[in-house]
Amino acid sequence: MEHVTASEELSATLMYHVERPVLNEGYIDSELLHRKKRTPKCSSEKAKSVVFGFLPILTWLPSYPLKQYLFGDIVSGISTGVMQLPQGLAYAMLAAVPPVFGLYSSFYPVLLYTFFGTSKHISIGTFAVISLMIGGVAVREAPDSMFAVNGTNASQIVDFEARDARRVEVVVALTTLVGIIQFVLGLLRFGFLAIYLTEPLVRGFTTAAAVHVSVSQIKYLLGVHTARFNGPLSVVYSLDAVFRNIASTNVVTLIIGLVCTVFLYFIKDLNERFKKKLPIPIPGEIIVIVSTGISYGMVMSENYGVEVVGKIPTGLLPPKIPDFSVFPGLFPDAFAIAVVGFSIAISLAKIFALKHGYSVDGNQELIALGLCNFMSSFFHTFAVTASMSRSLVQESTGGHTEIAGLLASLLVLLVVVAIGFVFQPLPTTVLAAIIMVNLLGMFKQMKDIPALWRTSKIELAIWLVSFFASVLLGLDYGLVVAMGFAILTVIYRTQCPKNALLGQIPDTGLYFDVDEYEEAEECTGIKIFQSNTSIYFANSDLYVNTQNTASMHVLYKAVIHQINFSQRNDSALTCELIYLLQKLLNIIFHLFNLSRIRALALFTIKTQ
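Read in order, the letters of the sequence shown are residues 0 to 607 in numbering that gives the first Met the number 0.
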């Protein structure tokens with residue numbers, strides 16, 4: 000600091016003289032700062048952290064509070080296991096494989112998730128949406144026409160045993176590939192993928208899946224035999240086939256299906272109304288299955304032509320290596336199933352984690368699902384994910400940890416090993432009724448439409464596009480269209496940002512849009528330009544044009560007067576020019592949502 004003149008000393012006015020080098024990012028990165036050299040370190044603590052991260056059970060099991068948690072986990076495990084049994088049988092039909100494979104899929108993956116999962120409350124196992132997607136692939140790769148005995152006309156006989164065996168091979172290979180994809184994505188830290196499947200997209204997609212599932216079950220409720228359709232307009236073709244054969248409806252099958260549907264709906268409503276008073280939900284599915292055991296005594300299959308589940312082998316099948324030769328043709332389907340399955344599981348996991356105050360690791364969930372599907376596929380299972388209905392039961396009946404899921408899987412194992420034959424005379428229309436009633440929660444998502452209309456038109460558009468595209472084009476193509484449209488909405492939001500000129504509210508420090516509020520007054524000599532999005536190559540020109548239109552009109556007038564001044568030596572014009580130039584001294588950019596600005600966009604703005 001130095002005093003420049005004596006007069007300045009006398010007037011107590013000081014001038015500060017500061018000297019420092021002019022810095023830029025290039026100089027700072029190359030000369031001023033030097034990054035620390037990082038060398039890979041392998042310590043016992045780091046190795047322990049990796050192992051505990053890969054096997055979360057090692058973290059919580061040693062400190063498991065037996066007295067506080069065990070009873071709740073036992074009750075929850077039994078309640079969830081009771082639901083796993085009928086849903087496993089029913090969703091196997093959606094997956095186009097014999098019902099017993101649904102029981103296998105309700106045991107092995109659930110058991111494995113206990114060791115690798117991070118959510119304490121979600122119930123892993125069979126799920127309608129994933130099962131339907133799997134069934135579409137199985138029917139496409141192993142259609143009935145491929146196993147015709149004579150192959151001469153429309154009434155040809157199908158070798159169902161060979162067809163089912165081939166479909167199981169396809170489904171198992173698909174599940175193996177789904178597991179590999181999920182595991183690799185988890186290792187690569189791709190857990191963030193779920194954010195691209197926004198909530199409106201997922202809810203619209205699952206509602207469309209509920210439509211597909213419902214339509215596919217109508218033939219079982221009526222007892223008619225039609226082909227299974229897949230791909231675009233499959234819903235239309237399925238309904239057309241049912242109506243063409245409606246005259247051959249089996250009345251006994253229809254009555255059983257309707258009675259079971261009404262009873263299950265009544266029980267579900269009862270459980271919902273009195274969930275705070277009931278210690279555990281009433282197991283409507285098990286009651287229905289046990290009650291319809293009367294079909295064994297009445298020999299409904301032989302006397303009334305009612306289609307039943309049929310042979311269920313007792314015990315577990317030996318492990319078998321999947322057919323890797325079909326992998327190339329299954330990859331697109333496997334990727335879609337892997338992403339959808341993970342999205343559903345992580346969404347439910349986050350809901351329960353937020354409610355109970357713990358965290359879930361998206362990447363570890365990917366790894367856990369991948370291992371569950373991959374390792375279980377060697378034991379003849381199909382791909383699984385979390386189920387909302389079972390997860391709610393597991394949580395509401397007192398489940399505290401993954402022990403509840405472990406006990407549920409052991410209950411399924413007991414049935415498979417000891418009493419699987421009990422389900423053999425079960426009419427398939429009962430399974431269809433179970434599926435239909437469990438879809439009610441998905442159909443309730445239709446209530447999203449008026450709510451989104453009031454809050455966000457763009458999210459409503461995503462919901463509707465996801466729903467209609469998935470219904471009309473099929474779940475695979477519909478998902479691609481929905482994701483593409485969701486990405487387009489992101490581009491639209493950045494291409495059409497909200498820009499405004501801000502003015503001050505008198506006697507306050509508040510600034511608002513001058514076009515929207517009468518009290519907002521622009522500051523003299525300052526233009527405050529506000530934008531609510533990041534600036535990049537796609538919207539930089541639009542951004543600059545809007546900025547020029549909104550805030551640069553004063554400078555434009557000054558240039559016009561400068562031209563006039565060069566033609567006329569008019570002192571009045573000179574004064575007006577000076578006044579106009581003085582009015583625009585500074586432009587302030589208020590970019591409150593700006594995360595980054597691209598180099599090209601910055602250059603575009605600087606050159607204006």
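All C-beta atoms, glycine included, are put in the ideal place defined by N, C-alpha and C.
(message) Quick check on the burial criterion: 16 or more other C-beta atoms within 10 angstroms. Buried or exposed for alanine 226?
(response) exposed
(message) So, with DSSP's three-state summary, where would you put glutamine 83?
(response) In this structure, glutamine 83 counts as helix in the three-state DSSP scheme.
(request) Please name the residue or residues paired with asparagine 498 in a DSSP beta bridge. (result) Its beta-bridge partners are Ser530.
(request) Specify whether the stretch 157-166 and the stretch 352-361 touch according to this definition: at least 3 beta carbon pairs, one from each stretch, less than 8 angstroms apart. (result) Under the 8 angstroms Cβ criterion, the stretch 157-166 does not count as touching the stretch 352-361, having fewer than three qualifying pairs.
(request) Leaving out five residues on either side along the sequence, give the residues of the same chain with a beta carbon under 8 angstroms from the beta carbon of valine 148. (result) Gln155, Ile156, Val157 and Asp158
(request) Can you tell me which of Asp514, Tyr516 and Glu458 puts its alpha carbon nearest to the alpha carbon of valine 489? (result) Glu458
(request) Below 8 angstroms CB to CB, which residues in the same chain sit around serine 390 once its five sequence neighbours on both sides are set aside? (result) His120, Ile121, Ser122, Leu347 and Phe351
(request) Check whether the stretch 381-397 touches the stretch 273-283, counting contact only when three or more Cβ pairs, one atom from each stretch, lie closer than 8 angstroms. (result) Judged by Cβ distances under 8 angstroms, the stretch 381-397 makes contact with the stretch 273-283, as three or more pairs qualify.
(message) Looking only at its chain, what residues have a beta carbon closer than 8 angstroms to the beta carbon of cysteine 522, apart from the 5 residues adjacent to it on each side?
(response) Closer than 8 angstroms at Cβ, skipping near neighbours: Gly502 and Gln503.
(request) Could you pull the start and end residues of the alpha helix (DSSP H) that aspartate 332 belongs to? (result) 326-355
(request) Would you mind reading off the limits of the beta strand (DSSP E) that contains isoleucine 123? (result) Membership of isoleucine 123 in the beta strand (DSSP E) is indicated by the continuous run 122-124.
(message) According to DSSP, is glutamine 566 part of a helix, a strand, or is it coil?
(response) Unreliable positioning characterises glutamine 566 in this predicted model, as indicated by a pLDDT of 48, which lies under 50. The coordinate reading is nonetheless provided below. Three-state DSSP puts glutamine 566 in a helix.
(request) Could you say which of Ala499, Glu518 and Lys497 lies nearest to threonine 507 if we only look at CA atoms? (result) Glu518
(request) To the nearest angstrom, report how far apart asparagine 302 and glycine 222 are at their CA atoms. (result) 14 angstroms
(request) Using only alpha-carbon positions, find the residue among Gly135, Thr400 and Val169 that is nearest to valine 93. (result) The sequence shown places leucine at residue 93, rather than the valine named in the question. The candidate whose alpha carbon is nearest that of leucine 93 is Gly135.
(message) Our contact map puts glycine 190 next to glycine 361 with C-beta atoms below 8 angstroms; I'd like the distance itself, whole angstroms only.
(response) Contact flag correct, Cβ pair sits at about 3 angstroms.
(message) Here's the rule I'm using: 16 or more other beta-carbon atoms within 10 Å means buried, otherwise exposed. How should leucine 576 be labelled?
(response) Bear in mind that the predicted position of leucine 576 carries a pLDDT of just 48, short of 50, making it unreliable; the figure below should be weighed with that in mind. By the 10 Å Cβ count, leucine 576 comes out buried.
(request) Apply the 10 Å Cβ neighbour rule to glutamine 363 and answer buried if 16 or more other Cβ atoms are within range, or exposed otherwise. (result) buried
(request) If I'm right that glycine 124 touches proline 108 with Cβ under 8 angstroms, what's the distance once you round it to whole angstroms? (result) 7 angstroms
(message) Cutting at 7 angstroms between CB atoms, please list the residues of its own chain near isoleucine 559, excluding the five before and the five after it.
(response) For isoleucine 559, the predicted structure reports a pLDDT of 44, less than 50, and the residue's modelled location is therefore unreliable. The matter cannot be settled from this model.
(message) Give the list of continuous alpha helix (DSSP H) stretches no shorter than 4 residues that lie fully inside the stretch 221-287.
(response) 233-243 and 250-272
(message) Going by DSSP, what residue range makes up the alpha helix (DSSP H) through tyrosine 112?
(response) 107-115
(request) Enumerate in chain order the residues of its own chain whose CB-to-CB distance from arginine 202 is below 7 angstroms, with the five nearest sequence positions on each side excluded. (result) Gln444, Asp447 and Trp462
(request) Would you list the one or two residues that DSSP bridges to tyrosine 510? (result) Gln503
(request) Could you spell out the range, first to last residue, of the alpha helix (DSSP H) harbouring alanine 403? (result) 402-417
(message) For serine 237 and lysine 310, what's the separation of their Cα atoms in angstroms?
(response) 27 angstroms
(message) Going by DSSP, what residue range makes up the beta strand (DSSP E) through serine 388?
(response) It is not in any beta strand (DSSP E) - serine 388 instead sits in the alpha helix (DSSP H) that spans 387-395.
(request) Taking only the alpha-carbon atoms, compute the straight-line gap between phenylalanine 53 and leucine 500 and give it to the nearest angstrom. (result) 52 angstroms
(request) Indicate the three-state DSSP secondary structure (helix, strand or coil) for valine 307 in the structure shown. (result) strand
(request) Would you kindly check if the distance between the Cβ of alanine 193 and the Cβ of arginine 165 is under 7 angstroms? (result) no
(message) Between which residues of its own chain and tyrosine 491 is the CB-CB distance below 8 angstroms, once the five residues before and five after are set aside?
(response) Ile457
(message) Please state whether the Cβ-Cβ distance between glycine 80 and alanine 407 is less than 7 angstroms.
(response) yes
(request) Look up proline 426 in the DSSP assignment and say whether it is helix, strand or coil. (result) strand
(request) Consult DSSP for glutamate 517 and reduce its assignment to one of helix, strand or coil. (result) coil
(request) Would you mind sorting histidine 211 into buried or exposed? The rule is 16 or more other CB atoms within 10 Å of its CB. (result) buried
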